[in-house]
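**Q** According to UniProt numbering, numbering within the sequence shown proceeds without interruption in unit steps and concludes at 103. All residues carry an ideal CB built from backbone N, CA and C; glycine is no exception. Can you read through this structure? Questions will come right after.
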Amino acid sequence: MTKTTTTTTVTTAAAAGTVTIEAIDPQTVQLDPNIRTNPVLLPEFVDSIRVEGVREPVLARRGEDGITYVYDGQRRLLAAREAGLTSMLAVFGIADTTGTASG
């Protein structure tokens with residue numbers, strides 16, 4: 001069964017800048033450091049991601065090196081990788097350059 005996903009980039013002007021929602025490839029992005037050193041991915045969670053996709057976008061930023069870093073949504077990203085997804089949504093523009101949520 002092949003799952004086709006259509007995505008649209010949504011841009012909105014926020015007080016501190018621009019917030020965008022974009023499709024990212026979970027296999028190619030990096031994780032920012034996280035307090036979970038050994039996250040538990042229950043099989044039911046991975047199966048849910050495989051069947052329904054990632055319902056809540058992860059929060060991400062682009063580093064000065066051009067790499068996309070996910071700073072909120074570690075388990076969702078890891079489950080998407082394990083489920084073999086090639087696309088998921090990420091919100092950009094909510095954090096400062098260190099990946100810390102602002103506000």
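Quick one: grab the DSSP three-state call for Thr65.
**A** Indexing the sequence shown from 1 puts residue 65 at position 65. Per the sequence shown, the amino acid found at residue 65 is Asp instead of Thr. Looking at Asp65 - three-state DSSP - the assignment turns out to be coil, as it is neither helix nor strand.
**Q** On the DSSP bridge assignment, give the partners of Glu44 in chain order.
**A** Counted from its first residue, the sequence shown places residue 44 at position 44. Looking at the DSSP assignment, Glu44 forms no beta bridge with any residue, so it has no partner.
**Q** Report yes or no: do three or more beta-carbon pairs, one from the stretch 32 to 51 and one from the stretch 79 to 86, lie closer than 8 Å?
**A** With a cut-off of 8 Å, the stretch 79 to 86 and the stretch 32 to 51 count as touching, because enough Cβ pairs lie within range.
**Q** Given a cut-off of 7 Å on the beta-carbon distance, is the pair Thr68 and Val40 in contact?
**A** Taking the first residue of the sequence shown as 1, we reach residue 68 at position 68. Taking the first residue of the sequence shown as 1, we reach residue 40 at position 40. No, Cβ-Cβ distance for Thr68 and Val40 is not below 7 Å.
**Q** Since Val46 and Arg76 are thought to touch, with beta carbons under 8 Å apart, how far apart are those beta carbons, to the nearest angstrom?
**A** On the sequence shown, position 46 is the one that residue 46 refers to. On the sequence shown, position 76 is the one that residue 76 refers to. Contact doesn't hold; Cβ gap of about 11 Å is too wide.
**Q** Compare the beta carbon distance of Gly93 and Thr18 with 7 Å and say whether it is the shorter of the two.
**A** As a first step, residue 93 must be located in the sequence shown, where it is residue number 93. As a first step, residue 18 must be located in the sequence shown, where it is residue number 18. A contact, by the Cβ cut-off of 7 Å.
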